[in-house]
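Each residue of the sequence shown is one higher than the last, beginning at -14 in this note's numbering.
Single-structure report; data block below.
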Amino acid sequence: MKALILVGGFGTRLRPLTLTLPKPLVEFANKPMILHQIEALAAVGVTDIVLAVNYRPEIMENFLKETGEKYGVNIVFSVESEPLGTAGPLKLAEAVLAKDDSPFFVLNSDVTCEYPFQELLDFHKAHGDEGTIVVTKVEEPSKYGVIVHKPNHPSRIDRFVEKPVQFVGNRINAGLYILNTSVLDRIEKNRPTSIEQETFPAIVKDGQLHSFDLEGFWMDVGQPKDFLTGTCLYLSSLAKKQSKLLASNSEPFVHGGNVMVDPSAKIGKNCKIGPNVVIGKDVVIGDGVRLQRCTILPGSKVKDHAWVKSTIVGWNSTVGKWARLENVTVLGDDVTIGDEIYVNGGSVLPHKSIKANVDVPAIIM
Ligand code: GDD
Ligand code: MG
-14 MKALILVGGF
-4 GTRLRPLTLT
6 LPKPLVEFAN
16 KPMILHQIEA
26 LAAVGVTDIV
36 LAVNYRPEIM
46 ENFLKETGEK
56 YGVNIVFSVE
66 SEPLGTAGPL
76 KLAEAVLAKD
86 DSPFFVLNSD
96 VTCEYPFQEL
106 LDFHKAHGDE
116 GTIVVTKVEE
126 PSKYGVIVHK
136 PNHPSRIDRF
146 VEKPVQFVGN
156 RINAGLYILN
166 TSVLDRIEKN
176 RPTSIEQETF
186 PAIVKDGQLH
196 SFDLEGFWMD
206 VGQPKDFLTG
216 TCLYLSSLAK
226 KQSKLLASNS
236 EPFVHGGNVM
246 VDPSAKIGKN
256 CKIGPNVVIG
266 KDVVIGDGVR
276 LQRCTILPGS
286 KVKDHAWVKS
296 TIVGWNSTVG
306 KWARLENVTV
316 LGDDVTIGDE
326 IYVNGGSVLP
336 HKSIKANVDV
346 PAIIM
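Rendered as C-alpha cells:
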C-alpha cells in the first residue's frame, strides 16, 4: 500500500521552533511529529511513503535515512520547486501513487489522533466510491474544511466548504484521506491546486466522496496553543490505555498524572510535575520545580524553583531559578531566561537571553 504525507509549508505558525527544525521533525510527545504518522502507516502494511516537501528537504532527508529501514518502508521525497498546494503534490508523485490500482492514503502532516487507517481502508473498500475523508467534530469549524452530508445518507458528502465564513455544520475534515488512483486524473500537472477548494468539490459533485467518523481525540497541532492542547489529548489517551510511555503515578514528582519523561532526563528533589507534561531527552530539572501543561524539548535545563505552565521550552534552553513562564510562551533553540524573570506569553527567538520581565505577550527577536 501507498501513502503521501503533505509536509510542505513553512510552518510559520509554529515559529520559533520551525526556525530550527522543519515542523514534521519537531518532537511531539518525545517523537518527531512525522514519526507518529509513519509508524501508524507502517503498522497497517503501507510500504511506500511519499513525503511531499517544499522546504529544506535536506534536513529531513538526513534525519529519515534510517527511518525507512527501521519500519520496513520505502520513503521517497517529492520536492516541489514552487509550492503546489494540497493537491498538486499528489499529481507530482503520480509515478508512485499510481504504480498499482490500490487506493492510497493522504495525510496532513500537522494532525494528531489515533490513526484509524485499517478501519478507514475497510470502509473505503466497502462503499466502492472514489474517496473517503476522515471527519471529526469541533467547536470552531470556521478554521477548517466543513462537510455536509446528503440528506438521508450516513456517509455520502453533499458539500465540502473550506474555512466557511457562515456556519454550515461542525463536522470537519481531519486531514486524513484514502483515495482511488482515479482522483489523480482530476488534478492538473505542474499547477498549484487545492484539494479542499478544487478537487474535493469536484468529487462531491459526482457523488463519489464519503466521510468516515473518527472516534477519540483529534487536533491540528500546527500552532503553539493547539500543540499544547494536542499534547494533553494525546497523553490522556495514553493514560486510558495505561501506557508504559507515561511515568508511574507513584513517582514522587508526578502530580495529577499524564507525565512523560525521557529515560535520559534528570529530575531534582521535591518537584511537582503534571498534569500534561512532556520532558525530553537529556533535560535537567532542578529542585523544587513546578511544571504543568508544558513540553520541555531535548537538552534544556529548568533551574531550581522555576514555575512553568502552558509553555514549550525549545531545545538547549535554560530557564533560570525562580523564573515564571506561562500563557503560551514558546522559547526557541538556545534561549536563556534569567533568574526570577517573568514571561507572560509570546515567543522568544533562538539564541536570545531574557533579562527583563515580559509582562504582556510579545515576540522577542
Ligand atoms: N507539499 C506541500 N506543498 N504541502 C503543503 C503545501 C504545499 O504547497 N501547502 C500546505 N501543505 C501541507 C501543510 O504542511 C499541512 O500538512 C497540510 O498541507 C495542510 O495545510 P495547512 O496549512 O496546515 O492547512 P490548514 O490547517 O489551514 O487546513 C487543512 O487542514 C485542516 C485540518 O487540520 C485543510 O485540509 C482543512 O480542510 C482541514 O480541516
Ligand atoms: Mg494545519
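The beta-carbon is built from N, C-alpha and C at its ideal position, and this holds for glycine as well.
Inset, instruction - Give a yes or no on contact between the stretch 21 to 36 and the stretch 278 to 294, applying the rule of three or more CB pairs nearer than 8 Å. - result: Counting Cβ pairs under 8 Å, fewer than three are found: no touch.
Inset, instruction - Look at V343 and L316 and say whether their C-beta atoms are less than 8 Å apart. - result: no
Legend entry - Of the residues M45, E311, T3 and V96, the one placed nearest D211, counting alpha carbons only: V96
Legend entry - Selection from E325, I163, P335 and Y327 that minimises the alpha carbon distance to D319: P335
Legend entry - For K306, the nearest candidate out of K294, G70 and I322 (CA to CA): I322
Legend entry - Residues bridged to L92 (per DSSP): I(-10) and L161
Inset, instruction - For K225, name the three-state secondary structure that DSSP assigns. - result: helix
Inset, instruction - Could you tell me whether any non-hydrogen atom of ligand 2 is closer than 7 Å to the CB of G207? - result: yes
Inset, instruction - Starting from D272, follow the beta strand (DSSP E) in both directions and report where the run begins and ends. - result: No beta strand (DSSP E) contains D272, which DSSP labels as neither H nor E.
Legend entry - C-beta atoms of D267 and G253 nearer than 8 Å: Taking 8 Å as the Cβ cut-off, D267 and G253 do not qualify as a contacting pair.
Inset, instruction - Determine the contact status of T71 and I60, defining contact as a CB-CB distance below 8 Å. - result: Not closer than 8 Å, so no.
Inset, instruction - Please look up how many angstroms separate the CB atoms of R275 and W292, rounded, as I've assumed it's under 8 Å. - result: 5 Å
Inset, instruction - Establish whether the CB of V64 and some CB of chain B are separated by less than 8 Å. - result: The question asks about chain B, but that chain is absent: this structure has only one protein chain.
Inset, instruction - Label F13 either buried or exposed according to how many other C-beta atoms from any shown protein chain fall within 10 Å of its C-beta, with 16 as the threshold for buried. - result: buried
Inset, instruction - Along the alpha helix (DSSP H) that carries K50, what are the first and last residues, could you check? - result: Annotation for K50: the continuous alpha helix (DSSP H) segment containing it runs P42 to Y56.
Legend entry - Whole-angstrom distance between D114 and V206, CA atom to CA atom: 30 Å
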